[in-house]
Ligand SMILES: Nc1ncnc2c1ncn2[C@@H]1O[C@H](COP(=O)(O)OP(=O)(O)O)[C@@H](O)[C@H]1O
Ligand SMILES: [Mg+2]
Ligand SMILES: [Zn+2]
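In the working numbering, the protein residues as written are 973 to 1371.
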């Protein structure tokens, strides 16, 4: 196909895609807000700086491996590399190339966004274990790129590839054509053969901190004019458990209700109690306020919370408070799980910690938790644990 024809076909495809997006409002938020610059990829600073510098100096590699939990930016970064390699503006404007970012405006960049680039081939190794795709790769990788200067193969879920596929890939990794770049992405690094991993530049993608997730959710809510309470955003961020995609999908679901979203609505959606409730409850326990704790427990159950999940959260919360009491330096590590305000709340409980008592309490709660999971008496094991630990014991020194 000649290049003019390709370009026409390409822009037709892109137009259709855009029309389709506008027409069906349903373009998932997580796709709409995929970072368009390396600088927008949150929580992966080390990786991003390395890649940015490599791009500035025109020495991006030929084989990358991105691994880590889902929804942390692996596919996103792979596509950004594809843009960086083929961006037309970067090729013609050396000052711009110094930025180490794609222009997001040229034909090559927009083609990556609309997934219509002939030079960026995304392979989903999970479907059919990648057999046909890797065969295609082997056959076609040597031919020159259609439009840009590079051909980029992004192999997602790479751990699903079969042995023959790995062998084929190994040959390519040993002698890649000058124009070819392979980017493997996986959530399961250990399943990849060492012969492959050792031939790639490896980048670990970490779970996003709650603060980063909140930042992104807040930004999306603002741009999409989603009316949502801060506490509700916090619950969504926590439920994302480090995955931006999961958090953004939850926000999407909540937004579809089309009314002001408050914490209780999101609690129902995620089956998670807000951190405020967990904190309040933990405070009663550590202050040995048995009555207040039992009343709060009743209220939570009446509100329809999943008490097993609540107990789990409570255990984590108390454990973090305890470890923070033992080692204040952990504050930094906990910044991933807590917002600044939450961190203040946890810290306020630290002076209440008596190590021995707290360990006994945690043991009781853990036992309660495992009993709750299989028990028809949803809240009773938790109640018993509290009574066991908080009722005054003669001679125990507890009031
Ligand atoms: N590090 C990140 N910073 C900002 N948004 C992110 C990040 N990681 C993921 N996302 C969001 O989640 C979506 C899915 O990310 P993706 O890169 O496909 O994740 P995966 O690591 O599973 O490949 C993106 O479109 C984006 O909205
Ligand atoms: Mg992915
Ligand atoms: Zn560009």
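The beta carbon of each residue, even a glycine, is placed where N, CA and C say it ideally should be.
Proximity of the beta carbon of residue 1077 to ligand 3 is indicated: a heavy atom of the ligand is located closer than 7 Å. Checking the DSSP bridge columns, you'll see residue 1094 partnered with 1126. Less than 8 Å separates the beta-carbon of residue 1220 from that of residue 1192. Not one heavy atom of ligand 2 sits closer than 7 Å to the Cβ of residue 1098. Given a length threshold of 4 residues, each whole run of the alpha helix (DSSP H) inside the stretch 1280-1308 is given here in chain order: 1302-1306.
Looking at the DSSP output, residue 1174 sits in a beta bridge with 1037.
Nearest in C-alpha terms to residue 1055, of all of 1282, 1072, 1040, 1043, is 1072. If you ignore the 5 residues before and after residue 1046, its C-beta comes within less than 7 Å of the C-beta of 1038, 1040, 1157, 1177, all in its own chain and listed in chain order.
Take the alpha-carbon of residue 1161 and the one of residue 1131: they are about 7 Å apart. Around the beta carbon of residue 1135, fewer than 16 other beta carbons sit within 10 angstroms, so the residue counts as exposed.
In the structure shown, residue 1158 falls within a strand segment according to DSSP collapsed to helix, strand and coil.
Rounded to the nearest whole angstrom, the C-alpha separation of residue 1258 and residue 1187 is 31 Å. In the DSSP assignment, residue 1330 falls within the alpha helix (DSSP H) that extends over 1327-1346. The Cβ atoms of residue 1013 and residue 1066 lie no closer than 8 Å to each other.
One thing to note: residue 1286 has its Cβ no nearer than 8 Å to the Cβ of residue 1333. Short of 7 Å from the beta carbon of residue 1311, and not among the five residues preceding or following it, lie these beta carbons of its own chain, in chain order: 1182, 1183, 1186, 1206. Between ligand 2 and residue 1046, a heavy atom-to-CB distance of less than 7 Å is present.
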